[in-house]
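As C-alpha cells, the structure follows; a few thoughts come after it.
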Amino acid sequence: MGPPLIGNMLEFRKDRMAFLIRAARTYGDVVHFRPGPFHAYLLNHPDHIRDVLVGRPAKFLKNRIQGWMVEPLLGKGMIISNGEDHRRQRRAAQPAFAPRRIEGYCGMFVRHAEEAMKAWGTGGEYDIDTEMLRLAMKNLCEALFNADTTDISKRAEEALPIAIELLTKDSELWVPLPSWLPTQHNRKKKEMIRALTDIALSFADDWRKSGVDRGDLLSMLMLARDEEGCPIAQAELRDHLVTMFAAGYETTAFTLIWAWILIAQHPSVEAALHAELDRVLGGRAPTAEDLPKLTYTSMVLKETLRLYPAAWVLALREPVEDVAIGGYRIRKGSFLFISPYIIQRDPRYFDDPERFDPERFSPDAEKEIPRGAYLPFGIGPRVCIGQSFSQTEALLVLATLAQHYRVSVKPGQRLDPWGGLALRPPAGVRVRITPRTSGARAATEAISSPPA
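Quick note on UniProt numbering: the sequence shown kicks off at 1 and runs consecutively.
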C-alpha cells in the first residue's frame, strides 16, 4: 500500500513496467496498489480480463484521468470516448476497415515497401526505426486520407513523437499540470498538437476541393450526416483524424521494428521465414491472395506482438459501480489495469515465456491459448478498430522486404523497450541491411547461367 497520500506512486513512476510485472508475479491475479491517493487494481488472469472487456464492458468505462491526460492531443476521439459517443464514432469509421477495403489497400502496402527497397539498393547501415516509421506513415496517409506524405512527413515525424513524449510525462504525474500554466512543457506540447491539428485538417481541406467519395476513412467522415442531415462538426472531425493518425502511425511501425530485431537474433526463425517466402512467392511481390499462404510469416508477427505489444497497457477502466472480480470487491471509481505485455509473458499460459518462438502460433498450438491471455489489440466490443489493417500491413511489408533483404543488428546497442503511453522500441537502432538471393531466384539464375 505504501505511505499515506503517496502510496506506491514513487515506485510506479520510477519504472511502471517493472513495478507492474513485479506486482503480478508476487501477488497473483488481482493486485491492489495505490498510485498516490487513488485505488488501482492490476488484473492478471484471462477470466477476469474477459469479465471486464467482454462480459460486462458497459460497467467499465475508459478512465477519466487518463482521458484528461491524452485529450489535449486526441480530443474526444474514439480511443477515450465512452457509451453512445464511442459507438457512434466507431460506426462512422468502421466501413474504412471492412475486409473489402483492407484487401484494396494491399497493393499500396506492397508498392510502398518496394519503394523502400529501391532506396536500400545494395544495402548499408540504417536506423531501422526511421525506415519503418516513414513507411508506416506513407501507408496510413494514403489508405485512410488519400494523402501524399511528401509535404507533411517531416512535420509529422517531428510533432507526433514529441507530443506523445510530453503527454507521457503528464501521465507519470497522474494529475496533469493546468494547461494555462506558461511552462516550457505546456508551450511545446501546444505547439506540437497545433502542428498535428493543422496536418489533419489539411487532409479535410484537400478533400473539399473535389468532394469525391474515394471510399477511404476521410471520405466517409466528410460525407457522414447526423439524423438532422448535418455534417460532422469541425472539432469532432479533427478529433477523428488526429486519433487515427496518432494511433495508426506508430503501432504497426513498432511491430515491424521489433520483428526485424527478433528475426536478426534468431537465425533458425530467419531461415524458416525465408524458406516460406521463397516457396510461396518465388521472388515476386506478394498479393492479397497470398495472405492465407504466409502462415509462418504471420506466426512471426503474432509472436512479436506477444512479446512487444504496442498497447502494452490497455486504456485504464473505471467501474461505474461497486463490482466483484475474482472474489474481491472493487469500488466504483477505482482504476483497473490490464496489461497485454504482462499476461502475454505469464508462464501459466506461455511456456518459457521470454523465448521468441513463433511455433506458439501454429494453427494447432494457437487454439490452446486461453482467450484473454493474448490480446495485443484488446478483445470485446472495444477491440482495436485497426487490427486487420495493421496486421495486413505488417504481413505484406515484412514479406516484401524479407524475401529480398536480411537485417542484422549492429552489436553493442541496448534493445530494452520503454513503457510510455505505447511500448516503444529503442530509438536509433542501427542495422545492416544486406541483399539476399532467394532459393527460387538462385535456382533460376543457376539454370540461365552458362557453366563456368
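Quick reminder that beta carbons are idealized off the backbone N, C-alpha and C, glycines included.
(request) Flag this pair as yes or no: are the beta carbons of Leu20 and Leu42 separated by less than 8 Å? (result) yes
(request) Kindly list the residues whose CB is nearer than 6 Å to the CB of Ala116, restricted to its own chain and excluding five residues on each side of it in sequence; keep chain order. (result) Leu135
(request) Decide if the stretch 20-32 is in contact with the stretch 349-360; the criterion is three or more beta carbon pairs, one per stretch, under 8 Å apart. (result) no
(request) State the DSSP-derived secondary structure class of Thr149, mapped to helix, strand or coil. (result) coil
(request) Tell me the start and end of each unbroken alpha helix (DSSP H) in the stretch 264-348 that is at least 4 residues and wholly inside, in chain order. (result) 267-281, 295-307 and 340-343
(message) Out of Pro425, Pro435 and Leu421, which one is the CA nearest neighbour of Met69?
(response) Leu421
(message) Buried or exposed, going by whether 16 or more other CB atoms sit within 10 Å of the CB of Thr26?
(response) exposed
(request) Take Cys384 and list the residues in its own chain whose beta-carbon comes closer than 6 Å to its own, dropping the five residues that flank it on each side. (result) Phe377 and Gly378
(request) Could you name each continuous beta strand (DSSP E) segment of 3 residues or more that falls completely within the stretch 35-78, going from the start of the chain to the end? (result) 40-43 and 60-62
(request) Please report how far the alpha carbon of Trp207 lies from the alpha carbon of Ile369, in whole angstroms. (result) 45 Å
(message) Does the contact criterion of 3 or more C-beta pairs under 8 Å hold for the stretch 307-321 versus the stretch 330-342?
(response) yes
(message) Can you tell me whether Leu181 is helix, strand or coil according to DSSP?
(response) coil
(request) Pull up the distance between the alpha-carbon of Ala285 and that of Val110, whole angstroms please. (result) 7 Å
(message) For Trp155, which residues in the same chain have their Cβ closer than 7 Å to its Cβ, ignoring the five residues on either side in sequence?
(response) The amino acid at residue 155 is misidentified as Trp; the sequence shows Arg. Around Arg155: Ala195 and Ile199.
(message) At the level of alpha carbons, what is the spacing between Ala399 and Ala224?
(response) 36 Å
(request) Thinking Gly372 and Arg50 are a contact (beta carbons under 8 Å), I'd like their distance in whole angstroms, please. (result) 4 Å
(message) By the DSSP assignment, the alpha helix (DSSP H) with Val102 in it spans what residues?
(response) According to the sequence provided, residue 102 is Ile. The question's Val does not apply to it. Looking at the DSSP string, the run of the alpha helix (DSSP H) that includes Ile102 is Pro99 to Trp120.
(request) Please list the segments of the alpha helix (DSSP H) lying wholly inside the stretch 346-384, counting only runs of 4 or more residues, in order along the chain. (result) 363-366
(request) Sort out for me which residues DSSP pairs Tyr27 with in a bridge. (result) Paired residue(s): none; Tyr27 is not in a bridge.
(message) For Phe356 and His266, which I take to be in contact (beta-carbon distance under 8 Å), what is that distance rounded to the nearest angstrom?
(response) 6 Å
(request) Check each candidate in Asp290, Val407 and Leu415 and name the one with the smallest Cα separation from Gly124. (result) Val407
(message) Here's the rule I'm using: 16 or more other beta-carbon atoms within 10 Å means buried, otherwise exposed. How should Glu276 be labelled?
(response) buried
(message) Using only the alpha-carbon positions, how far apart do Ser153 and Asp416 sit?
(response) 27 Å
(request) State the CB to CB distance for the pair Arg436 and Pro426, rounded to an integer number of angstroms; the pair is presumed to be in contact (CB under 8 Å). (result) With a Cβ gap of about 25 Å, Arg436 and Pro426 do not count as contacting.
(message) Taking a contact to mean a Cβ-Cβ separation below 8 Å, would you say Phe245 touches Arg424 in this structure?
(response) no
(request) Measure how close the beta-carbons of Leu301 and Ala259 come, nearest whole angstrom, since I'm counting them as under 8 Å. (result) 6 Å
(message) If I measure Cβ to Cβ from Glu114 and keep anything under 8 Å in the same chain, skipping five residues before and after, which residues do I get?
(response) Ala285 and Thr400
(request) Drop a sphere of 10 angstroms on the beta-carbon of Arg331, count the other beta-carbons inside from all chains shown, and report buried for 16 or more, exposed for fewer. (result) exposed
(request) May I ask you to report which of helix, strand or coil DSSP gives Ile80? (result) coil
(request) Consult DSSP for Arg430 and reduce its assignment to one of helix, strand or coil. (result) strand
(request) Alpha carbon to alpha carbon, how far is His185 from Asp15? Give it in angstroms, no decimals. (result) 21 Å
(message) Run through the DSSP bridge pairs and tell me what Leu423 is partnered with.
(response) Gly419
(message) Judging by CA-CA distance, which residue of Trp180, Leu396 and Gly380 is the nearest neighbour of Asn139?
(response) Leu396
(request) Confirm, please, whether the CB-CB distance from Phe97 to Gly326 is below 8 Å. (result) no
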